[in-house]
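Peer 1: Below: one structure in structure tokens.
Residue numbers (our numbering), protein chains in the order written: chain Y, 101 to 445; chain A, 69 to 165.
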């Protein structure tokens with residue numbers, strides 16, 4: 101016995117929305133899905149007419165759906181935005197090179213300008229080579245820190261007013277959980293923000309899919325026959341996020357509203373004023389946004405270039421010691437060499 | 069014989085020898101629920117790590133199941149009785165971002 105669409109359109113329902121438990125048909129689902137994103141955009145004043153907006157595009161499901169829906173809403177509701185695509189090539193053979201082909205397809209399908217920036221050109225290192233140095237632990241730290249800054253650099257090159265990312269409700273709930281588990285109050289405070297940055301020559305980031313469930317994103321892409329890239333990053337399986345994600349999915353099975361509930365908890369959490377919070381500034385070395393001096397990307401890069409890849413991992417005091425130790429060793433080697441030269445004469 | 073079509077996407081295909089579409093004939097003397105069929109898949113079709121597809125007697129949370137493009141959550145999930153020429157899709161939401 102087919103279940104009918106809750107919107108009383110007379111059609112057969114095709115899915116149960118996790119967010120509301122409503123049974124909807126394809127068309128009513130498309131409408132609800134798109135309108136909710138429109139509401140999120142307007143309620144939070146994410147964009148202003150005339151703005152140039154970069155969509156951070158990986159070729160995955162979230163950014164593919166984001167690009168599709170942004171184009172659709174921009175036309176339907178006359179946002180007056182100029183949309184462009186921005187992709188980062190981390191240099192991961194067999195993963196990113198394939199997914200960038202999907203992004204190029206998006207560029208053609210949606211008739212948007214596309215800029216691809218690589219770690220190689222920005223930092224002189226590909227992720228393949230970084231993993232050779234650091235191994236399969238902490239590699240995601242490099243990738244995440246470099247990507248964050250690469251998006252800022254790309255946004256500057258493209259002269260956009262803001263960058264829209266494909267973070268969905270599940271991603272944000274996972275991040276809230278991870279920050280609680282790590283006791284990272286600084287990140288906990290800002291990870292639910294729908295808009296970040298914007299002060300001091302940093303380009304704002306917005307998350308139009310903040311309240312959109314992953315299941316609905318995948319269903320939307322499936323029913324709309326959007327082509328996306330779904331291979332797991334070959335370096336990712338050890339990432340901590342995977343555990344938070346598995347836990348969240350188990351909770352969602354028991355109670356689908358848990359995702360919205362965790363986001364809500366994150367939004368409502370107040371952190372005592374006496375808790376030290378990082379002050380966002382500009383890295384004295386590279387000039388990009390950072391809450392420490394020099395920024396994490398610069399420290400990680402210095403570590404790679406000094407052959408001390410663990411330099412940016414863990415406590416700062418420890419990395420200062422590592423650097424001092426290496427400088428000392430280098431001096432000793434230089435002195436010994438100098439002595440050898442002297443003795444030659 | 070009970071003929072069905074299977075469809076894997078979103079990354080679920082990597083657990084099944086990277087084959088995205090396949091046809092299958094099941095012995096039709098008995099009735100097949102999705103519960104029975106998942107057991108069959110576990111024993112006969114899965115080529116990669118079992119725990120990435122099956123959890124308990126169901127699919128791992130985060131894998132979507134559709135029968136003839138209808139969400140199995142509307143069809144009774146594990147108790148759904150498979151019919152002749154059903155198209156069963158497994159879509160992973162757990163891959164990529």
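Using N, Cα and C, we set each Cβ at its ideal position, and we do this for glycine too.
For residue 157 of chain Y, which residues of its own chain have a beta-carbon under 7 Å away from its beta-carbon, when the five flanking residues on both sides are left out?
Peer 2: Around residue 157 of chain Y: 163, 167, 185, 186, 187, 203 and 206.
Peer 1: Per DSSP, what kind of secondary structure is residue 440 of chain Y in: helix, strand or coil?
Peer 2: Helix, per DSSP.
Peer 1: By Cβ distance below 6 Å, which residues in the same chain neighbour residue 91 of chain A in space, the five residues on each side in sequence not counted?
Peer 2: 73, listed in sequence order.
Peer 1: Compare the Cα-Cα distances from residue 271 of chain Y to each of Y/348, Y/136 and Y/219 and report the closest residue.
Peer 2: When only C-alpha atoms are compared, the closest one is Y/348.
Peer 1: Check the DSSP bridge columns for residue 158 of chain A and list the partner residues they point to.
Peer 2: A/76 and A/133.
Peer 1: How about the segment 369-379 of chain Y and the segment 279-294 of chain Y: do they share at least three Cβ pairs that are nearer than 8 Å?
Peer 2: At 8 Å Cβ cutoff, the stretches touch.
Peer 1: Would you call the segment 135-152 of chain Y in contact with the segment 244-257 of chain Y, where contact means no fewer than 3 C-beta pairs closer than 8 Å?
Peer 2: In short, these stretches do not touch, since the Cβ pair count stays below three.
Peer 1: Which same chain residues, not among the five before or five after residue 214 of chain Y, have their C-beta less than 6 Å away from its C-beta?
Peer 2: Only 185 and 207 meet the Cβ criterion.
Peer 1: From the beta carbon of residue 315 of chain Y, is the nearest beta carbon of chain A less than 8 Å away?
Peer 2: Yes - at least one Cβ of chain A is within 8 Å of the one on residue 315 of chain Y.
Peer 1: Give the DSSP-derived three-state secondary structure of residue 448 of chain Y in the structure shown.
Peer 2: Because residue 448 of chain Y is not part of the residues shown, which for chain Y are 101 to 445, the question remains open.
Peer 1: Comparing the C-beta of residue 79 of chain A with each C-beta of chain Y, is any distance below 8 Å?
Peer 2: True, the Cβ-Cβ gap to chain Y drops below 8 Å.
Peer 1: Out of curiosity, what's the CA-to-CA distance linking residue 260 of chain Y and residue 279 of chain Y?
Peer 2: Rounded to whole angstroms, residue 260 of chain Y to residue 279 of chain Y spans 30 Å at the Cα level.
Peer 1: In whole angstroms, what separates the C-alpha of residue 165 of chain A from that of residue 321 of chain Y?
Peer 2: Since pLDDT at residue 165 of chain A reaches only 49, below the 50 mark, its modelled position is unreliable, and no value is offered.
Peer 1: Can you find the residues in the same chain that come closer than 6 Å, C-beta to C-beta, to residue 367 of chain Y, ignoring five residues on each side of it along the sequence?
Peer 2: Cβ neighbours of residue 367 of chain Y beyond the five flanking positions: 292.
Peer 1: Within 10 Å of its beta-carbon, does residue 434 of chain Y have 16 or more other beta-carbons around it, so buried, or fewer, so exposed?
Peer 2: Label assigned to residue 434 of chain Y: exposed.
Peer 1: How is residue 165 of chain A classed by DSSP in three states: helix, strand or coil?
Peer 2: Model confidence at residue 165 of chain A stands at a pLDDT of 49, short of 50, so the residue's coordinates are unreliable; what they give is reported in the following sentence. If DSSP states are grouped into helix, strand and coil, residue 165 of chain A belongs with coil.
Peer 1: Using a Cβ cut-off of 7 Å, pull out every chain Y residue sitting near residue 130 of chain A, in sequence order please.
Peer 2: The answer, in chain order, is 349.
Peer 1: Whose C-alpha, out of Y/108, Y/109, Y/110 and Y/126, is nearest the C-alpha of residue 116 of chain Y?
Peer 2: Taking only the C-alpha atoms, the option nearest residue 116 of chain Y is Y/126.
Peer 1: Under 7 Å, CB to CB, which of the residues in the segment 130-147 of chain A have a partner in chain Y?
Peer 2: Listed by position, the residues of the segment 130-147 of chain A near chain Y (Cβ gap below 7 Å) are 130, 132, 137, 138, 139, 141 and 142.
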